[in-house]
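One structure is given below, encoded as structure tokens.
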Amino acid sequence: MQGKLNEVSEISRNALAWAGSSPSSILLKMDLADGLSSVPSTRSEARTIYEQIATENPDAPIAARATYNAAFSALQLGAIADAQRWSEAFAKRFPNDPLTSDVAYIRAESTLQLGQYESSIHAFEQLIASQPNDPLRNTWELRLTVAQFLAGHFDRSLLLADELLKRPLDENARAEVLYLRGASLLKNNRSSDAIDPLNRSLEVSTNWPQADEVFLTLAEAYASSNRPEEALKTLGGLIQKLPESRLRAQAEFRRAQISANRADFDQAMKGYDYVLKETKDKALSEFAAFGKAFVFIQQEQYTEALKLLVPLDTNRQNDSFGNEVRIAKAVCQRQIGQPNQAIETLEELLNSSATPSQARKSLYELGLSYASAKRNEDAIRTLEKYISQTEKEQKGEDELLDRAIYELAWAHKLSGDTQKATDVFQSLVNRFPDSKLAGEASFHIGQAEYESSKFDRAIKAYTVAASKSADSDLQEKSIYKLGWSFFQQDDFPSAQQQFEKQKRDFPKGELILDGQFMIAECLLKQEKYSEAFTEY
Numbered sequence: 075m076q077g078k079l080n081e082v083s084e085i086s087r088n089a090l091a092w093a094g095s096s097p098s099s100i101l102l103k104m105d106l107a108d109g110l111s112s113v114p115s116t117r118s119e120a121r122t123i124y125e126q127i128a129t130e131n132p133d134a135p136i137a138a139r140a141t142y143n144a145a146f147s148a149l150q151l152g153a154i155a156d157a158q159r160w161s162e163a164f165a166k167r168f169p170n171d172p173l174t175s176d177v178a179y180i181r182a183e184s185t186l187q188l189g190q191y192e193s194s195i196h197a198f199e200q201l202i203a204s205q206p207n208d209p210l211r212n213t214w215e216l217r218l219t220v221a222q223f224l225a226g227h228f229d230r231s232l233l234l235a236d237e238l239l240k241r242p243l244d245e246n247a248r249a250e251v252l253y254l255r256g257a258s259l260l261k262n263n264r265s266s267d268a269i270d271p272l273n274r275s276l277e278v279s280t281n282w283p284q285a286d287e288v289f290l291t292l293a294e295a296y297a298s299s300n301r302p303e304e305a306l307k308t309l310g311g312l313i314q315k316l317p318e319s320r321l322r323a324q325a326e327f328r329r330a331q332i333s334a335n336r337a338d339f340d341q342a343m344k345g346y347d348y349v350l351k352e353t354k355d356k357a358l359s360e361f362a363a364f365g366k367a368f369v370f371i372q373q374e375q376y377t378e379a380l381k382l383l384v385p386l387d388t389n390r391q392n393d394s395f396g397n398e399v400r401i402a403k404a405v406c407q408r409q410i411g412q413p414n415q416a417i418e419t420l421e422e423l424l425n426s427s428a429t430p431s432q433a434r435k436s437l438y439e440l441g442l443s444y445a446s447a448k449r450n451e452d453a454i455r456t457l458e459k460y461i462s463q464t465e466k467e468q469k470g471e472d473e474l475l476d477r478a479i480y481e482l483a484w485a486h487k488l489s490g491d492t493q494k495a496t497d498v499f500q501s502l503v504n505r506f507p508d509s510k511l512a513g514e515a516s517f518h519i520g521q522a523e524y525e526s527s528k529f530d531r532a533i534k535a536y537t538v539a540a541s542k543s544a545d546s547d548l549q550e551k552s553i554y555k556l557g558w559s560f561f562q563q564d565d566f567p568s569a570q571q572q573f574e575k576q577k578r579d580f581p582k583g584e585l586i587l588d589g590q591f592m593i594a595e596c597l598l599k600q601e602k603y604s605e606a607f608t609e610y
């Protein structure tokens with residue numbers, strides 16, 4: 075077949091040379107271009123000839139077909155802007171030509187591929203309205219659905235997809251429509267509803283060009299529906315079934331993110347390392363480096379995290395991602411004993427274009443860094459500012475707020491203001507009774523009350539600490555100090571009860587010998603000498 079086409083092209087070239095500038099030369103050029111357009115390697119030459127005919131012979135009978143072919147070949151070769159230009163030229167010069175609807179499709183499609191979505195929507199709607207019974211209507215409406223989706227009109231793309239699914243479609247078209255339906259639902263925050271059409275799309279066909287997007291979108295729907303295992307399985311399916319996919323790196327990155335959230339750090343590192351090694355996408359590579367650094371932070375390997383964060387910070391502008399990098403860098407600097415460097419990083423960030431959320435996080439970290447640098451007054455001032463801003467902007471809803479109040483109390487304690495520290499610890503317990511820090515805060519309240527000989531209040535605080543703390547060492551200490559608080563009130567039976575509970579619940583605890591000694595002391599105070607000597 076290839077030989078025949080080459081032979082025909084050669085004959086056309088010879089005839090064209092013989093014809094010279096005669097009227098028949100235009101037809102011979104068209105024949106030559108038609109032959110060349112049939113062969114992928116010579117389509118570019120064919121396109122040049124079509125454009126030459128359309129430009130130099132605008133009034134010739136074949137000018138309309140040459141203009142159409144120029145637009146079509148440009149679209150075929152990926153010269154999208156030229157395809158749009160030639161299709162618009164056709165519409166102006168040949169509005170009544172039989173090829174009008176074909177060129178209108180090229181115009182709408184090229185406009186879509188250029189990202190001019192609203193114009194593309196208008197063009198496809200005009201085309202469909204002008205040719206409602208055209209056999210290609212389903213194709214046009216499918217592309218209109220794509221345009222509506224890319225323009226962010228998810229309700230419209232959903233309606234169009236539902237209408238198309240009622241019609242007979244080939245497998246690839248049906249798979250694409252199901253994808254658009256699922257993706258539209260996901261964009262409308264209906265992740266659970268999106269799962270079924272996306273799964274059905276994969277069942278119908280994975281042979282169309284954007285099938286890899288279905289895997290990625292389905293994984294996102296699962297992740298948004300709090301079904302991480304299915305999300306990981308779906309991403310694995312993309313990687314296994316379509317290993318050469320252009321979205322392979324994105325799938326590896328997303329799988330690494332989900333794995334990190336599940337504390338599967340080995341799998342997370344594998345994914346991030348793949349992206350860093352294989353992708354040429356600079357932005358994705360930077361996100362992978364940041365993700366890997368965050369895994370190191372979760373594993374408290376702050377020095378390793380800094381090795382990734384410092385180059386990222388150097389290469390980033392003052393954008394949102396760059397600010398997140400700097401916050402993470404400051405965390406690592408503080409954790410490895412470089413609070414002054416952390417302070418410098420955060421103060422610079424707060425003077426830049428940080429978002430409100432980033433500014434709050436930076437204030438929080440700055441307060442901790444001041445505390446680490448033993449600048450307690452600065453720590454108090456900064457943490458109070460963070461708490462005030464959070465209460466104003468977030469109405470007290472922030473995952474770091476209880477921690478900030480706890481750190482503020484510690485800053486007061488380190489500055490020597492025990493009463494203020496106790497008050498702040500109490501505010502933490504009152505506002506966040508279910509916080510993981512409530513038990514520890516209650517213990518510190520108990521300590522302050524005990525040292526002030528306010529044993530009734532100490533008993534209440536230690537009781538809360540013992541019941542709320544998830545830390546076994548703190549539980550043991552709380553029960554032990556609870557026993558001592560009763561002992562100081564000469565309530566020896568109650569004290570004995572607490573020390574025995576300590577002995578029973580924490581037989582290998584650090585205070586086991588102290589507790590056992592105090593059991594004997596309580597028995598002695600109750601004049602139970604024989605039992606006391608046994609405990610001794």
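With the sequence shown counted from 1, adding 74 to any position gets you the numbering used here. No residue lacks a Cβ here, since even glycine has one placed at the ideal position from N, Cα and C. Since the structure is predicted, the reported quantities are computational estimates derived from the model, not experimental observations.
Straight-line gap, residue i to residue j (C-alpha atoms, nearest Å)
i, j, result
"Arg274", "Thr308", "13 angstroms"
"Gln463", "Ala363", "31 angstroms"
"Gln341", "Lys366", "11 angstroms"
"Glu326", "Tyr348", "7 angstroms"
"Ala485", "Lys542", "23 angstroms"
"Asn131", "Ala225", "39 angstroms"
"Ala428", "Phe368", "20 angstroms"
"Ile161", "Glu199", "Checking the sequence shown, residue 161 turns out to be Ser, not Ile. In a straight line, the C-alpha of Ser161 is about 17 angstroms away from that of Glu199."
"Ala165", "Asp133", "15 angstroms"
"Asp508", "Ala483", "18 angstroms"
"Val113", "Tyr124", "15 angstroms"
"Asp338", "Ala323", "19 angstroms"
"Asp476", "Tyr460", "11 angstroms"
"Ala402", "Gly513", "28 angstroms"
"Phe561", "Lys551", "15 angstroms"
"Gln60", "Phe289", "The question about residue 60 has no answer, for the chain in this structure spans 75 to 610."
"Glu688", "Glu439", "Lying outside 75 to 610, the shown extent of the chain, residue 688 is not represented and no answer is given."
"Thr388", "Pro302", "34 angstroms"
"Lys602", "Phe370", "57 angstroms"
"Tyr376", "Gln468", "30 angstroms"
"Gly94", "Ser175", "Its pLDDT being 46, under 50, Gly94 is placed unreliably in this model, and the value from its coordinates should be taken loosely. The straight-line gap from Cα to Cα measures roughly 35 angstroms."
Member of the options whose CA lies at the smallest distance from the CA of residue i
i, options, result
"Lys534", "Ile461, Ile519, Ile202", "Ile519"
"Ile417", "Ala379, Thr456, Pro385", "Thr456"
"Leu102", "Asp133, Ala140, Arg117", "Ala140"
"Phe146", "Ala163, Glu245, Glu465, Leu424", "Ala163"
"Arg264", "Leu292, Thr174, Met343, Arg211", "Leu292"
"Ala153", "Gln126, Thr174, Thr185, Asp171", "Thr185"
"Asp393", "Ala295, Gln375, Leu380, Ala433", "Ala433"
"Ala305", "Ser604, Arg336, Cys596", "Arg336"
"Gly411", "Leu232, Leu380, Leu173", "Leu380"
"Leu252", "Ser266, Asp267, Ala235, Leu243", "Ala235"
"Ala495", "Gly189, Lys510, Ile479", "Ile479"
"Gln372", "Ile269, Gln409, Pro172", "Gln409"
Distance cut-off 7 angstroms: residue i Cβ against heavy atoms of the ligand FMN
i, result
"Arg578", "Ligands are entirely absent from the displayed structure, and the ligand FMN is therefore not among its contents."
Residue i - DSSP class collapsed to helix/strand/coil
i, result
"Leu90", "Because the pLDDT at Leu90 is just 45, under 50, the model does not fix this residue reliably, and the point stays unresolved."
"Gln284", "coil"
"Asn262", "coil"
"Thr308", "helix"
"Ala134", "coil"
"Ala225", "coil"
"Asp208", "coil"
"Val251", "helix"
"Glu119", "helix"
"Asn300", "coil"
"Ala128", "helix"
"Ser161", "helix"
"Thr464", "helix"
"Thr456", "helix"
"Ser112", "coil"
"Tyr239", "It is worth fixing the name first, because residue 239 is Leu in this sequence and not Tyr. In the structure shown, Leu239 sits in coil (DSSP, three-state: anything other than H, G, I, E or B)."
"Asn273", "helix"
"Gly365", "helix"
"Pro317", "coil"
Give a yes or no on contact between the segment 494-501 and the segment 511-528, applying the rule of three or more CB pairs nearer than 8 angstroms.
yes
Just to confirm the assignment: which complete alpha helix (DSSP H) runs, minimum length 4, are found wholly within the segment 389-447?
394-409, 413-424, 430-446
Give the list of continuous alpha helix (DSSP H) stretches no shorter than 4 residues that lie fully inside the segment 498-583.
512-525, 529-542, 546-562, 566-579
What are the uninterrupted segments assigned as alpha helix (DSSP H) that are 4 or more residues long and contained completely in the segment 468-496, given in chain order?
475-488
Do the segment 572-581 and the segment 589-599 touch if we need at least three Cβ pairs shorter than 8 angstroms?
yes
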